[in-house]
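For reference, the structure discussed in these notes is given below.
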Amino acid sequence: MHEEDRPGIHTTVYRQPGGNVPTEATEAVGLQVDRVEGQTVIVRQSRVNQLSGNRVRLEQSRVDHVEARSAQTDRSAIRHLEAERAVTLRGAVAWAQARDVRAVRTRIALLQADRVTVEDGRVALAVVRELAGPAYLRLPLAAIGTFLAGIVAGLLLGRLRGRDGG
21 MHEEDRPGIH TTVYRQPGGN VPTEATEAVG LQVDRVEGQT VIVRQSRVNQ LSGNRVRLEQ
81 SRVDHVEARS AQTDRSAIRH LEAERAVTLR GAVAWAQARD VRAVRTRIAL LQADRVTVED
141 GRVALAVVRE LAGPAYLRLP LAAIGTFLAG IVAGLLLGRL RGRDGG
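To convert a position in the sequence shown, counted from 1, into the working numbering, add 20.
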């Protein structure tokens with residue numbers, strides 16, 4: 021077993037994608053912990069309540085709250101993500117707040133961002149300034165029916181009140 025595959029918290033060297041500058045990083049592997057912090061943090065196959073760092077990378081992990089300047093996730097589930105920039109691949113996020121988000125094959129329930137790119141993913145509810153890439157609004161038929169029924173009921177009620185008060 022390699023040193024980096026052993027469960028625990030280790031110091032490792034991280035190279036940014038597309039970069040050759042090695043950076044020292046804190047790596048948590050195969051753990052269930054309350055909190056992990058560091059400048060650059062890598063979490064693999066772990067369950068963490070609070071995760072914070074300047075640069076955060078998640079692989080096959082579950083985290084309740086992520087707070088980072090830059091977050092990169094792969095096959096991970098996050099309850100609340102706060103980041104300036106976030107890239108999520110093949111995962112799920114309940115609530116994401118970020119300036120710039122790229123989601124590939126990811127499901128996001130609630131998204132608040134300035135700029136978003138979604139590729140083969142789903143966002144249930146979003147507040148976005150700029151949307152890049154192909155985007156589709158998908159609403160369940162029941163939601164559309166309820167919305168239209170509410171409008172019709174409101175119009176009918178308005179007419180009835182108009183006749184009575186008229």
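Beta carbons: idealized from backbone N, C-alpha and C, even for Gly.
Exposed or buried, which one is residue i when buried takes at least 16 other CB atoms within 10 Å?
i, result
"M21", "The predicted model places M21 with a pLDDT of 42, which falls under 50 and marks its position as unreliable, so this point remains unresolved."
"T31", "exposed"
"G182", "exposed"
"V10", "The structure shown has nothing for residue 10, since the chain only spans 21 to 186."
"R26", "exposed"
"G141", "buried"
"L168", "exposed"
"V143", "buried"
"E47", "buried"
"I98", "buried"
"V172", "exposed"
"G58", "buried"
"L78", "buried"
"V41", "exposed"
"L131", "buried"
Return the bridge partner residues of residue i from the DSSP annotation.
i, result
"P27", "Paired residues: none, contrary to the question."
"R67", "Q52 and R82"
"V33", "E44"
"L145", "L130"
"T166", "Note: T166 sits in no beta bridge, so no partner."
"I62", "E47 and R77"
Could you check how far apart the C-beta atoms of residue i and residue j are, in whole angstroms? I think they sit under 8 Å.
i, j, result
"A129", "L145", "7 Å"
"A116", "A133", "7 Å"
"A103", "R122", "About 11 Å separates the two Cβ atoms, so there is no contact after all."
"L101", "A112", "About 11 Å separates the two Cβ atoms, so there is no contact after all."
Check each candidate in the options and name the one with the smallest Cα separation from residue i.
i, options, result
"V148", "E79, E139, R135 and T32", "R135"
"L83", "P27, R125 and R67", "One detail in the question is off: residue 83 reads as Val in this sequence, not Leu. Checking every option, the nearest Cα to that of V83 belongs to R67."
"Q80", "A88, T93 and D25", "T93"
"V61", "R55, W115, Q70 and V76", "V76"
"T43", "N74, R122 and G165", "N74"
"S96", "D120, E102 and T126", "T126"
"R35", "A45, I29 and G28", "A45"
"A28", "N40, V41 and V56", "According to the sequence displayed, residue 28 carries Gly and not Ala. Looking at the Cα atoms, V56 is the closest of the given residues."
"D54", "G174, H85, V138 and G111", "H85"
Check your understanding: At which residue ranges does the region 87 to 133 contain complete beta strand (DSSP E) runs of 3 or more residues, listed in the order of the chain?
Key -> 97 to 109 and 112 to 124
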